Amino acid sequence: MQTLQKYAKHLPEAYSNYPRGYYVSLILTRKVEGEAIFRTEGSGEPMNREFVHAGEVDQTVIPRVVISKRKQTAVERRIGRELLRRVELLAADAGLNEGEPEPDSIDSMVYGYAVGGGGAQKSRVITDDAFSILPATQVVGKRQFNAPFEDGTMRHPETGKASTSIGTDEYVRPETHFLDIETLKDVTPGELTYVLGNILRSSRYGAVSSRVGKVTNRLLAICFSDCELYSNLELTQTVWDHLKTMNEGDPTLPLTDGDVEKAIVQAMESLRQRVMGKVTAMEAADLVHLHEELQALYSDEEAIKAVLTTVQADYKR
């Protein structure tokens, strides 16, 4: 990963048990590409919403759809664990919520683990709820669902009893953008490569039973610092203000990727002034090269296995 070598001074060379204050903030957009349900399908529960100010300048109170932090990192963690099993760096029967964890696996060391009888590792992936840029009134719709019998009707073919499997679910409309910052603490270049791969290869954050709705994650910026930056809500509100200025009015669905990216760049410049610490942003050209290197690496199973094997060996020193 030649691109990361250019920023080597912002990353620790090896894992340490002691915090050292190396922060990497990944600025992401999560764009819904199909009708997405971020609650258990069929539960009848509405989407998670929070009433917040539209922007920092625009103080109108609006409801925004929320993707919980656990729903984001849990999916990405499972994607990573699938890879580790495939390259034989995690036991085939090792489960997240059962049995003994593998404390020296890259999964446990990055995303954390805890054992009731002793032993724990704090997660070094710091995340928060992701907010929709646009209000829920624009991005949420409703669909009726049912479960007909094999004869295609809603009545049992023998008893004639009506099916009770009918109801409505809320869904997030296609081309809805959510903004998220994942902050990594004290990760080595190899660990950063692993987390980036997990994020960029994850695409289903929807309902547990069906994973309704594809989501595309786009990495728009990487910032190296000695502290955390701003919150997801601050970023979302500032982006709203810039979009409103660009559009000369409230932004509406669907937003273009170009406008969103332009507004994020402007918002990052505005919010940088309130960060109490050193911040170095990866150059745009380097970000493109990094993405190309990640694509090449993850298309070569032996190459990614070698990288992850080296990372795990570092924990045992």
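Read in order, the letters of the sequence shown are residues 6 to 322 in this note's numbering.
Where a beta carbon is used, it is the ideal one built from N, C-alpha and C, also for glycine.
Nothing here was measured: the structure is a model prediction, and the numbers come from that model.
Query: Quick one: give me the first and last residue of the alpha helix (DSSP H) that L224 is part of.; Result: Premise fails: L224 lies in the beta strand (DSSP E), 220-230, not in any alpha helix (DSSP H).
Query: With burial defined as no fewer than 16 other Cβ atoms inside 10 Å of the residue's Cβ, what is the status of C228: buried or exposed?; Result: buried
Query: In angstroms with no decimal places, state the Cα-to-Cα distance between A202 and R54.; Result: In the sequence as presented, Ala is not what sits at residue 202; that position holds Gly. So the two alpha carbons sit approximately 29 Å from each other.
Query: If I204 sits next to I32, beta carbons under 8 Å apart, how far is it from one beta carbon to the other, in whole angstroms?; Result: So it is not a contact: roughly 11 Å between Cβ atoms.
Query: Could you pull the start and end residues of the beta strand (DSSP E) that A135 belongs to?; Result: 135-140
Query: Put A97 into one of helix, strand or coil per three-state DSSP.; Result: coil
Query: When the Cα atoms are used, what is the spatial distance from E239 to T8?; Result: 29 Å
Query: State the start and end residues of the unbroken beta strand (DSSP E) segment that holds P194.; Result: It is not in any beta strand (DSSP E) - P194 instead sits in the alpha helix (DSSP H) that spans 194-206.
Query: Looking only at its own chain, which residues have a Cβ that is under 8 Å from the Cβ of I186, when we skip the five neighbours before and after it?; Result: S30, L31, I32, L33, T132, D133, L234, Y235, S236, N237, L240
Query: Report buried or exposed for S21, applying the criterion of at least 16 other Cβ atoms within 10 angstroms of its Cβ.; Result: exposed
Query: Do the segment 298-307 and the segment 245-259 meet, that is, are 3 or more Cβ pairs less than 8 Å apart?; Result: no
Query: If you check the beta carbons only, do Y12 and T188 fall under 8 Å apart?; Result: no
Query: In the structure shown, what three-state DSSP assignment does R25 receive?; Result: coil
Query: What distance in whole Å lies between the Cβ atoms of G60 and T243, which are believed to be in contact at a cut-off of 8 Å?; Result: 7 Å
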